[in-house]
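Participant: According to my numbering, numbering within the sequence shown proceeds without interruption in unit steps and concludes at 1489. Idealized CB from N, CA, C, for every residue including glycine. Structure in structure tokens, see below.
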Amino acid sequence: MKVLDLQCQHGHVFEGWFGSEEDFQSQRERGLVQCPMCADDHIEKRLSAPRLNLGARAPAAGPAAAGHTPGTEVIPAQRPAGAVDASMLPPALQAAWLDLARKIVANTEDVGPRFAQEARRMHHGEVEERAIRGQATPDEAVQLIEEGIAVMPLPLPAAAKETLQ
1325 MKVLDLQCQH GHVFEGWFGS EEDFQSQRER GLVQCPMCAD DHIEKRLSAP
1375 RLNLGARAPA AGPAAAGHTP GTEVIPAQRP AGAVDASMLP PALQAAWLDL
1425 ARKIVANTED VGPRFAQEAR RMHHGEVEER AIRGQATPDE AVQLIEEGIA
1475 VMPLPLPAAA KETLQ
């Protein structure tokens, strides 16, 4: 089993478990490896040190132990313009967001592309009000707001929509 440190193009860092390097590459090429925060499938491996259980030894000290070879320079990767450095967010904050997203999914009805229609039906009293989520075009969202119907965009990561394994 290979445990890899992964990162999407938006800077979200997460861990992936694969049977082999070939399994990782195959799944990534087929778009099966996605960021649990934003569902981005442009995933890259991060540098990580292997963990070897060879007995109770004190960890090595010094710059080489931290993954830095003396005489080399570390250059941060380039991010798309305007991208937030999500890797700087504490893992607890990323986990809290994913937990919140899962609660939203569990407590709302997904009406899919019928979102604007269902929101209007509830607003006009045609159906009982309930918690819904779904997709709307930007034009539909603007029209709903102009009609006095409160809506907000909320990108839910794919990982929030499935059972954690």
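Can you give the beta carbon distance from residue 1443 to residue 1466, rounded, assuming they're within the 8 Å contact cut?
Facilitator: As a first step, residue 1443 must be located in the sequence shown, where it is residue number 119. As a first step, residue 1466 must be located in the sequence shown, where it is residue number 142. No, residue 1443 and residue 1466 are not in contact; Cβ-Cβ is about 13 Å, not under 8 Å.
Participant: When the Cα atoms are used, what is the spatial distance from residue 1461 to residue 1477?
Facilitator: In the sequence shown, counting from the first residue as 1, residue 1461 sits at position 137. In the sequence shown, counting from the first residue as 1, residue 1477 sits at position 153. If you take the alpha carbons of residue 1461 and residue 1477, they lie about 10 Å apart.
Participant: Closest to residue 1368 by CA distance: which of 1347, 1352, 1433 and 1360 is it?
Facilitator: By one-based count along the sequence shown, residue 1368 stands at place 44. When each option's Cα is compared against that of residue 1368, the closest is 1352.
Participant: Note down the Cα distance separating residue 1453 from residue 1446, rounded to an integer number of angstroms.
Facilitator: On the sequence shown, residue 1453 is found 129 positions in, with the first residue counted as 1. On the sequence shown, residue 1446 is found 122 positions in, with the first residue counted as 1. Roughly 5 Å separates the two Cα atoms.
Participant: Based on the DSSP output, what are the partners of residue 1339 in its beta bridges?
Facilitator: What you label residue 1339 is simply residue 15 of the sequence shown in a count that begins at 1. In DSSP, residue 1339 forms a bridge with 1329.
Participant: Any idea what DSSP makes of residue 1429, helix, strand or coil?
Facilitator: Your numbering for residue 1429 matches position 105 in the sequence shown. Residue state, collapsed to three classes: helix.
Participant: Taking only the alpha-carbon atoms, compute the straight-line gap between residue 1370 and residue 1335 and give it to the nearest angstrom.
Facilitator: Start at 1 with the first residue of the sequence shown, and residue 1370 comes out as number 46. Start at 1 with the first residue of the sequence shown, and residue 1335 comes out as number 11. Those two C-alpha atoms are separated by around 11 Å.
Participant: Judging by CA-CA distance, which residue of 1363, 1347 and 1350 is the nearest neighbour of residue 1331?
Facilitator: Here residue 1331 is taken as the residue at index 7 of the sequence shown, counted from 1. With distances taken between Cα atoms, residue 1331 lies closest to 1363.
Participant: In this structure, does DSSP put residue 1347 in helix, strand or coil?
Facilitator: Walking along the sequence shown from the start, residue 1347 turns up at place 23. Of the three classes helix, strand and coil, the one that applies to residue 1347 here is helix, per DSSP.
Participant: Out of curiosity, what's the CA-to-CA distance linking residue 1301 and residue 1325?
Facilitator: Here the chain covers residues 1325 to 1489 and nothing more, so residue 1301 does not appear.
Participant: Going by DSSP, which residues form a beta bridge with residue 1457?
Facilitator: In the sequence shown, the residue the question calls residue 1457 occupies position 133. Paired residues: 1434.
Participant: Which same chain residues end up closer than 6 Å to residue 1469 when comparing Cβ atoms and leaving out the 5 residues on each side of it in sequence?
Facilitator: Reading the sequence shown from its first residue, position 145 is the one you call residue 1469. Result list for residue 1469: empty, nothing under 6 Å.
Participant: Give the secondary structure of residue 1367 by DSSP, where H, G and I count as helix, E and B as strand, and everything else as coil.
Facilitator: Here residue 1367 refers to the residue found at position 43 of the sequence shown. DSSP places residue 1367 in strand when its eight states are reduced to three.
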